[in-house]
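S.K.:
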Amino acid sequence: MTESLLQLAKDSSADKKHELAEHVTGLLVARASDTRSEETSLLNNMLEGVYDSLELEARKTMSERLCTVEATSNKLAVAMAGDELPIAQAVLERSNSLREEDLQNIAATKDEAYLLALAKRDHISKDLGGILVKRGSKKVKHAVAANLGAEITMPVFETLVKDMPKQLGDRIRHLRKSNDELLEDLFKDDGEIAAGKELVKRPSKISPKAWLMGIRLKKTNLNKAIYQLSIEHNLLDAVALLSFFCGLDMKYVHNLMVRFDSTGIATVCRATGIGAKEFQAICKERCKHLKFPESTGSKWLTNYHMLDETDARRLLSLMKMKLKATKQEKAA
């Protein structure tokens, strides 16, 4: 395969280069999480080599297919991010192959449309946010304020929110306050968190590992697994599956499940695609575990309907970023 691709890369025909780009992009998508192998490096090198000779539509297709692929090289991601906006947008909004310095450079040099795309990223660092707020229009500033994954101080946040429509500003203010409290709780000792007793292992018809295998084989899905485990009164196994699919350590998902509020577990469930019916089953079982009336679960479900999937995904991303940074600080 490698020799045939190299031979195709040498061909000067525009059609052949487009054929190569399409084929190699598909191969890179197929090995999305393989970031270190020689084969992945070769695929990226090929795309980097033909990129400038591709037509706009081909570059746009490449950007849309690779914007969430971890195996995409930084060099290729930077090339797409600096291209014309129809090509750059998907990478600017979603690619993790762009480094912080790349993002800040784009924010400092590009125009309004690029800044708005950056303002939609799942995570915006304090430095990046500062550049966006300084250079951006009101639309960009509002996008930053509404982005729950943006690390901005409360004084800056309040400045941005004050000229928003009151109802929207109040909603974002409430969400940010709740989320800030949730993030603080992640780093507290178990005894300091307002939460119920630990979950215990209960018998289940299907183990988490078996559920996971079935999901991977597309014989079932996460929603069916979570619903079944909830009605079996087995929230601990539900925590194990949610932990795997959301990328948070089981300890943290467990703590969110037994908290007296629903913000954290609702965020995890919404970000992993759990439906309202399945979340209702979780709420019902949580109420039993925490000895709350069923009416509390109904309130949790109402709030879940109001939770935007994008907001949930951004908060989950921010949780993981903060936990990773804390672990690195402790290890240093």
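Numbering (the working numbering), first residue to last: 4 to 335.
Backbone N, C-alpha and C fix where the C-beta goes; we use that ideal spot for every residue, glycine too.
I need the DSSP call for L127, collapsed to helix, strand or coil.
M.R.: Stepping through the sequence shown from its first residue, residue 127 is reached at position 124. It should be noted that the sequence gives Ile, not Leu, for residue 127. Here I127 sits in strand by DSSP.
S.K.: Pick helix, strand or coil for A153, following the three-state DSSP scheme.
M.R.: Numbered from 1 along the sequence shown, position 150 holds the residue referred to as residue 153. Note: A153 maps to strand in three-state DSSP.
S.K.: Going by alpha carbons, who is nearest to A146 out of K169, E161, S128 and A120?
M.R.: As a position in the sequence shown, residue 146 is number 143, starting the count at 1. Considering only alpha carbons, the answer is A120.
S.K.: Excluding the five sequence neighbours on either side, which residues of its own chain have a C-beta within less than 6 Å of the C-beta of L69, listed in chain order?
M.R.: For the purposes of this step, residue 69 is identified with residue 66 of the sequence shown, where counting begins at 1. Result list for L69: T75, in chain order.
S.K.: Where D314 and S233 are concerned, what is the direct C-alpha to C-alpha distance, given to the nearest angstrom?
M.R.: Within the sequence shown, the letter at position 311 stands for residue 314. Within the sequence shown, the letter at position 230 stands for residue 233. Approximately 25 Å, taken between the alpha carbons.
S.K.: Taking the alpha-carbon positions, what's the R39 to A33 distance?
M.R.: In the sequence shown, the residue the question calls residue 39 occupies position 36. In the sequence shown, the residue the question calls residue 33 occupies position 30. Approximately 14 Å, taken between the alpha carbons.
S.K.: I need the DSSP call for A198, collapsed to helix, strand or coil.
M.R.: Position 195 of the sequence shown, counting from 1, holds the residue named residue 198. A198: strand per DSSP, three-state reduction.
S.K.: Touching or not, the segment 290-297 and the segment 240-257, by the rule of three or more beta carbon pairs under 8 Å?
M.R.: No contact exists between the segment 290-297 and the segment 240-257.
S.K.: Taking the continuous alpha helix (DSSP H) assigned at R289, which residues delimit it?
M.R.: The residue you call residue 289 lines up with position 286 of the sequence shown. Looking at the DSSP string, the run of the alpha helix (DSSP H) that includes R289 is A279 to L293.
S.K.: So, is T1 buried or exposed, given that buried needs 16 or more other C-beta atoms within 10 angstroms?
M.R.: Given a span of 4 to 335 for the chain in the structure shown, any question on residue 1 remains unanswerable.
S.K.: What residue range is occupied by the uninterrupted alpha helix (DSSP H) comprising P211?
M.R.: Working through the sequence shown from its first residue, we reach residue 211 at position 208. Start and end: P211 to R219.
S.K.: Determine whether the beta carbon atoms of L135 and A122 lie at a separation below 8 Å.
M.R.: Counting from 1 along the sequence shown, the entry for residue 135 is found at position 132. Counting from 1 along the sequence shown, the entry for residue 122 is found at position 119. Taking 8 Å as the Cβ cut-off, L135 and A122 qualify as a contacting pair.
S.K.: So, with DSSP's three-state summary, where would you put R39?
M.R.: Position 36 of the sequence shown holds residue 39. Residue state, collapsed to three classes: coil.
S.K.: Would the segment 165-183 count as touching the segment 237-247 if we require 3 or more Cβ pairs under 8 Å?
M.R.: With the cut-off at 8 Å, the segment 165-183 and the segment 237-247 do not touch.
S.K.: Three or more C-beta pairs closer than 8 Å, one from the segment 205-220 and one from the segment 273-288: is that the case here?
M.R.: Counting Cβ pairs under 8 Å, fewer than three are found: no touch.
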